[in-house]
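Reminder that position 87 of the sequence shown reads as 87 in the working numbering, one-by-one numbering, no gaps.
Using N, Cα and C, we set each Cβ at its ideal position, and we do this for glycine too.
For reference, the structure discussed in these notes is given below.
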Amino acid sequence: MEEHPGLKMGPLLRLADGGILGIGSKHSYISHDEGVIWAEYPMFPGSDQFDLAPGATVITRNGTVILSFCNLKEKSEWNWQPEISDMPDAKIPTYAARSLDGGKTWQDVQKLHDEWTGANRDMIETHDGSVIFTSMMLRHNPGRHTVLTYTSRNDGRTWLRSNVIDLGGIGHHAGVTESTLVQLRNGRLWMLMRTNWGSFWETFSDDEGLTWKDYRPTNIHSSSTPGMLKRLQSGRLVLVWNYPFPEGKNSYPLSGGDSQWSEVPVSNHRGEMSIMFSDNDGKTWTKRRVIARITQEGTQLTYPNIFEARPGELWITTGFSGELRIKLLEKDFL
């Protein structure tokens, strides 16, 4: 494991010509020297309409790059009202766009919903060629978050919305949020959702992400933070996430429980980043290993992204309030 200074924070993907594409708030970035030097390309030149919170990217088998993002230009003011545990009319719209030239220019920009979105965390292309990405919507009376996905069957030209997964909750970080997904070997889609209930919850789709069902808790303990789940070229799954408490401890100070953050007390531990692997589509996992710890007070390790730069070589970055840039090898954890 080693640090990778200068690496863009992700999401990252490998282009058809061997370059690496990263996405920022106003520019896309392309590197042809494995992340050392990056060329900048304005996302929407001549327009002041967008300020991106990048979501997820994928390059399809047809060579189309597809991006999900939130537009902070349209973000409403933070106006959480404690007396009603809600934020009426809250907005951070979710968009999708696509590029036919490896991320240098973008077209078919579409707003998919206006509702407040925490983060659009993940995107995959299925065996059948559908592109699916995870998103969120804030619901009201009382305020709480919900998860949904969007599916495109035509390389990102148009999108279909799934059912909205609303498991209740009260608070500005309540409900289900910021999910990650993979396609299992049997063709089903498996999604893990961030919760305040001590573990990821899971849900499954048998129709390319149009319908999600069988919502239930997993035995993967997690703090109230998003994980990242990826299928590697080896066929294994890898999960990077925040455990509820530090290694060697069995507790962590709780917050929430007041129907403002959430209706239940919750661990927000973000001081360590953990990793584990599965050979059998998540039925069992390797031993959890801590790959990074904070070294500076006030920083966090959270919101991970995973990029498999070469078979078995993983580049892991984090964002939000602390920036981790590391390379590690799959074989060192098996």
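Roughly how far, in whole angstroms, is the beta-carbon of residue i from the beta-carbon of residue j, given that I think they are within contact range, below 8 angstroms?
i: M193; j: F204; result: M193 to F204, Cβ: 12 angstroms. No contact.
i: K287; j: M273; result: 15 angstroms between Cβ atoms; not a contact.
i: S130; j: T94; result: Actually they are not in contact, since the Cβ atoms of S130 and T94 sit about 18 angstroms apart, beyond 8 angstroms.
i: V182; j: V147; result: In fact, because the Cβ distance is near 15 angstroms, the residues do not count as touching under 8 angstroms.
i: M1; j: K327; result: 7 angstroms
i: T317; j: R270; result: Contact doesn't hold; Cβ gap of about 15 angstroms is too wide.
i: T60; j: E125; result: 5 angstroms
i: F133; j: G63; result: Not really, about 18 angstroms apart at Cβ, beyond 8 angstroms.
Helix, strand or coil for residue i per DSSP?
i: E125; result: strand
i: D155; result: coil
i: L100; result: coil
i: F359; result: With the chain running from 1 to 334 in the structure shown, residue 359 is simply not present.
i: L72; result: helix
i: E77; result: coil
i: F333; result: helix
i: Y150; result: strand
i: E83; result: coil
i: T177; result: strand
i: H140; result: coil
i: F50; result: coil
i: F245; result: coil
i: H145; result: strand
i: E272; result: strand
i: E34; result: coil
i: E297; result: coil
i: R236; result: coil
i: G227; result: coil
i: E208; result: coil
i: K283; result: coil
i: A90; result: coil
Tell me which same chain residues have a C-beta within less than 7 angstroms of the C-beta of residue i, skipping the five on either side of it?
i: T211; result: S162, N163 and S205
i: P5; result: R325
i: S267; result: S223, S224, P244, F245, Y252 and L254
i: F333; result: I275, F277, T286 and R289
i: H140; result: D86 and P88
Taking 8 angstroms as the cut-off, decide whether the C-beta atoms of residue i and residue j are in contact.
i: D48; j: N71; result: no
i: N242; j: S259; result: no
i: I30; j: G143; result: no
i: L239; j: R231; result: no
i: S262; j: G312; result: no
i: G209; j: T295; result: no
i: S25; j: Y41; result: no
i: D108; j: R157; result: yes
i: I165; j: S85; result: no
i: N196; j: G256; result: yes
i: G35; j: L7; result: yes
i: V65; j: L21; result: yes
i: L184; j: D281; result: yes
i: M136; j: H127; result: no
i: M228; j: T284; result: no
What residues are listed by DSSP as bridge partners for residue i?
i: Q376; result: The requested residue 376 is not part of the displayed model; the chain covers only 1 to 334.
i: P42; result: H27
i: W201; result: M193 and P217
i: L67; result: T57 and A97
i: T302; result: G319
i: K8; result: Per DSSP, none; premise fails for K8.
i: K327; result: E2 and W315
i: W116; result: Looking at the DSSP assignment, W116 forms no beta bridge with any residue, so it has no partner.
i: G256; result: P265
i: V182; result: W190
i: G291; result: A quick correction: the sequence has Ile, not Gly, at residue 291. I291 is not bridged to any residue.
i: S251; result: Beta-bridge pairing links S251 to no other residue.
i: G22; result: L12 and Y29
i: I165; result: V147
i: S278; result: L237
Among residues of its own chain, excluding the 5 on either side of residue i, which ones have a beta-carbon nearer than 6 angstroms to its beta-carbon?
i: A90; result: S76, W116 and L138
i: E178; result: G118, A119, R121, R194 and P226
i: H32; result: G19
i: F307; result: L12 and W315
i: W80; result: M87 and H172
i: M9; result: T317 and G319
i: L167; result: V176
i: A97; result: L67, W106 and V109
i: K104; result: Y41
i: G322; result: T299, Q300 and L301
i: E247; result: V290
Suppose the cutoff is 8 angstroms on Cβ atoms and the five residues either side in sequence are ignored; what does the same chain contact list for residue i look like?
i: D114; result: E74, K91 and P93
i: E202; result: W190, M191, L192, M193, D214, Y215, R216, P217 and T218
i: R188; result: F204, S205 and D206
i: L160; result: Y150, T151, S152, R153 and L210
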